[in-house]
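Using full-length UniProt numbering, read the sequence shown as starting at 1 and increasing by one per residue. Note that beta-carbon positions come from the ideal geometry of N, C-alpha and C, so glycine has one too. Have a look at the structure below, then the notes.
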Amino acid sequence: MRSLLATVFRPACPLCTRPAQGCFCIDCQRQILATRLPQPWQFWHGDLPIAAWGRYRDTLKRVLGALKYNNRPELARPLGHHLGELWLTGGHGLREMPLVVPIPVHPDKRLTRGYNQAELLAASFCEFIGLKLSSNLLLRQTNTQAQHHLSVQAREANLATAFVMNPQHPRPTAPVLIVDDIYTTGATARTAQTVLQQAGCAVVGILVVATGKADMPAKLKLPAR
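Printed below as a string of structure tokens:
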């Protein structure tokens, strides 16, 4: 009877509604794992080192879309744990523990969505490996338009004044690791990096769940300010 009840009342997979094993059903979890990058640390060098867990396509793209747009904040936890597993492989080569800073969203967007998906991912990541999280070191002062349809130049112009340092937050002595959900052109990451560096923070790199680029650049230049 208990096994029957467990089957009947098992939570549904958020992607296909079949009975879930954990957050997802076995098949959807297999499809998510199939998007993992074989060389996630390949571009962990240059002006802004980048590490991405998976490719932004197929089931992983659906999961990130549900997290960001369909009010499914619980999806951040398993994705953040995947980031933690990646970090523990040691491909970063860091000896000092970084401070984790998520890419912020504008307060209006947070009010509408109810949460910042990058912050939830960062919190799950920190929970998994024991790093310190700072959710309010970097603030978003401009409610920018959606980025997905913009060119690289338009994205950088759109983000030029988007981020500021929190004047009430003490400057960290530890280096900063930026965390976000997706890396595409790098405009968001570079803009955040610039603001942090201009405030005296050392940025070790950016860690993301997925990248949409077929070939990420090996070296990134800071945008002109």
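Which one of Leu75, Phe43 and Pro107 has the shortest CA to CA distance from Ala12? The count along the sequence shown starts at 1 and reaches residue 12 at position 12. Among Leu75, Phe43 and Pro107, the Cα nearest to that of Ala12 belongs to Leu75.
Buried or exposed by the 16-neighbour rule on C-beta atoms within 10 Å, applied to Lys68: The count along the sequence shown starts at 1 and reaches residue 68 at position 68. Buried, because 16 or more other Cβ atoms sit within 10 Å of the Cβ of Lys68.
Does the beta-carbon of Asp180 have 16 or more other beta-carbons within 10 angstroms, so that it is buried, or is it exposed? For the purposes of this step, residue 180 is taken as residue 180 along the sequence shown, with counting starting at 1. By the neighbour-count rule (16 or more Cβ atoms within 10 Å), Asp180 is buried.
Is the CB-CB distance between Val100 and Ala66 below 8 Å? Taking the first residue of the sequence shown as position 1, residue 100 is located at position 100. Taking the first residue of the sequence shown as position 1, residue 66 is located at position 66. It is not a contact, given that the beta carbons lie outside the stated cut-off.
Does the region 171-189 come close enough to the region 116-136 to have 3 or more Cβ pairs within less than 8 Å? yes
Where Trp53 sits in the DSSP three-state scheme: Counted from its first residue, the sequence shown places residue 53 at position 53. In the structure shown, Trp53 sits in a strand (DSSP, three-state: E or B).
Consult DSSP for Gln39 and reduce its assignment to one of helix, strand or coil. Along the sequence shown, read from residue 1 onward, the residue named residue 39 stands at position 39. Gln39 falls in the coil class under three-state DSSP.
Short Cβ contact (8 Å threshold) for Leu48 with Arg190: Within the sequence shown, residue 48 is the residue found at index 48, counting from 1. Within the sequence shown, residue 190 is the residue found at index 190, counting from 1. Yes; because the gap between Cβ atoms is below 8 Å, this pair is in contact.
Looking only at its chain, what residues have a beta carbon closer than 6 Å to the beta carbon of Gln141, apart from the 5 residues adjacent to it on each side? Start at 1 with the first residue of the sequence shown, and residue 141 comes out as number 141. The answer, listed in chain order, is Val164.
Between Gly90 and Cys23, what straight-line distance do the alpha-carbon atoms span, to the nearest angstrom? The residue given as residue 90 occupies position 90 in the sequence shown. The residue given as residue 23 occupies position 23 in the sequence shown. Their Cα atoms are separated by approximately 26 Å.
For Glu96, collect the residues of the same chain with a Cβ closer than 8 Å to its Cβ; drop the 5 residues on either side in sequence, then sort them by chain order. To locate residue 96, count along the sequence shown from 1; it is residue 96. Excluding residues within five positions, the ones whose Cβ falls inside 8 Å are Ala174 and Pro175.
Coarse secondary structure for Arg190, derived from DSSP in three states: Mapped onto the sequence shown, residue 190 falls at position 190. Arg190 falls in the helix class under three-state DSSP.
How would you call Gly93, buried or exposed, if buried means at least 16 neighbouring beta carbons within 10 angstroms? Here residue 93 is taken as the residue at index 93 of the sequence shown, counted from 1. Gly93 should be labelled exposed.
The region 51-58 contacting the region 23-39, beta-carbon criterion three pairs below 8 Å: yes
For Ile206, three-class secondary structure by DSSP: For the purposes of this step, residue 206 is taken as residue 206 along the sequence shown, with counting starting at 1. In this structure, Ile206 counts as strand in the three-state DSSP scheme.
Between which two residues does the beta strand (DSSP E) containing Val176 stretch? The count along the sequence shown starts at 1 and reaches residue 176 at position 176. Residues Val176 to Tyr183.
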